[in-house]
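S.K.: My questions all concern the structure below.
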Amino acid sequence: GAVVSQHPSRVICKSGTSVKIECRSLDFQATTMFWYRQFPKQSLMLMATSNEGSKATYEQGVEKDKFLINHASLTLSTLTVTSAHPEDSSFYICSSASGGPYQETQYFGPGTRLLVL
Amino acid sequence: DAKTTQPPSMDCAEGRAANLPCNHSTISGNEYVYWYRQIHSQGPQYIIHGLKNNETNEMASLIITEDRKSSTLILPHATLRDTAVYYCIVNAGNQFYFGTGTSLTVIP
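Protein chains in written order, with my numbering: chain A, 1 to 117; chain B, 1001 to 1108.
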């Protein structure tokens, strides 16, 4: 399957600061990438769909001004958590999709664990 | 919202087949069934997907009922490294909505 990387794998920051997480599709060009969040002992929750060259589409309840997504190239999407607060501490996972309509297999990155103090 | 229901947990003896069920009674005709698994603190790993026919690859087999309202993922010879949370997902468009999954524990 496709290889997706994330950087950093782990980050600790102070409350009020911003944190940028990178997601790279290493072996294919992804016009669409996805960002998920996972709290302890819970399932993955889709946050937004990142479209190359256009604005991201956010799921209901996800603040677009707080979670800034940029997908400037076919291999890189970034998620910036702005003015982070302790409640933003979570496991953030990205994925990239390959395949045609209705058959888009998603390949996931290893995740980024964010801890906001 | 997730369109699937799975048992919250299952145990399986090492070396035996693990059969993980999933109900997706509201699945649409053009929606695929995907299976992923997540080992603790890692990103989900793709296992297999299918539309109508049964599928097999090097990791698992996928059995989809004729009415497509349920499916079963089969790990033919479970090992300790197969201990993970297994997610069944119905692909609505290109977005995945994860349910709560099944926590499979393989017992020595």
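For every residue, glycine included, the Cβ atom is placed at its ideal position computed from N, Cα and C.
Can you find a C-beta in chain C that's less than 8 angstroms from the C-beta of glycine 1043 of chain B?
M.R.: In the structure shown, chain C cannot be found, because the protein chains are A and B.
S.K.: Mind checking who methionine 45 of chain A pairs with in its DSSP beta bridge?
M.R.: A:Arg37
S.K.: Where does proline 1021 of chain B sit, in a helix, a strand or coil, going by DSSP?
M.R.: strand
S.K.: So if I threshold CB-CB distances at 7 angstroms, which residues from the segment 1079–1099 of chain B count as touching chain A?
M.R.: Asn1091, Asn1094, Gln1095, Phe1096, Tyr1097, Phe1098 and Gly1099
S.K.: According to DSSP, simplified to helix, strand and coil, what is glutamate 87 of chain A?
M.R.: Three-state DSSP puts glutamate 87 of chain A in a helix.
S.K.: Hey, quick one: how far does the beta strand (DSSP E) through leucine 76 of chain A stretch, first residue to last?
M.R.: 76–81
S.K.: So, serine 15 of chain A versus leucine 117 of chain A, is the Cβ gap smaller than 8 angstroms?
M.R.: yes
S.K.: Does the segment 15–29 of chain A come close enough to the segment 73–82 of chain A to have 3 or more Cβ pairs within less than 8 angstroms?
M.R.: yes
S.K.: Is there a C-beta anywhere in chain B that falls below 8 angstroms from the one on glycine 111 of chain A?
M.R.: yes
S.K.: What span of residues does the beta strand (DSSP E) with tyrosine 1016 of chain B cover, start to end?
M.R.: Here residue 1016 of chain B turns out to be arginine, not tyrosine, going by the sequence shown. Premise fails: arginine 1016 of chain B is in no beta strand (DSSP E) and is neither H nor E.
S.K.: For arginine 1037 of chain B, which of helix, strand or coil comes out of DSSP?
M.R.: In the structure shown, arginine 1037 of chain B falls within a strand segment according to DSSP collapsed to helix, strand and coil.
S.K.: Under 8 angstroms, with one C-beta from each stretch per pair, do the segment 1055–1071 of chain B and the segment 58–65 of chain A reach the 3-pair mark?
M.R.: no
S.K.: Compute the distance between the beta-carbons of serine 95 of chain A and serine 18 of chain A, then report whether it is under 8 angstroms.
M.R.: no
S.K.: What residues in the segment 38–63 of chain A have a beta carbon less than 7 angstroms from any beta carbon of chain B?
M.R.: If you check each beta-carbon in the segment 38–63 of chain A against every beta-carbon of chain B, the ones closer than 7 angstroms belong to Ser43, Leu44, Leu46 and Thr49.
S.K.: Among the residues of its own chain, which have a CB less than 6 angstroms from the CB of threonine 31 of chain A, if the five just before and after it don't count?
M.R.: Glu52
S.K.: Does the Cβ of glycine 1015 of chain B have 16 or more other Cβ atoms within 10 Å, making it buried, or fewer, making it exposed?
M.R.: exposed
S.K.: Using 8 angstroms as the limit for Cβ to Cβ distance, is alanine 92 of chain A near chain B?
M.R.: Alanine is not the amino acid found at residue 92 of chain A; the sequence shown has tyrosine there. No, tyrosine 92 of chain A lies away from the interface with chain B (no Cβ there is under 8 angstroms from its Cβ).
S.K.: Give the straight-line distance between the Cα atoms of glutamine 1038 of chain B and serine 1028 of chain B, rounded to the nearest whole angstrom.
M.R.: 26 angstroms
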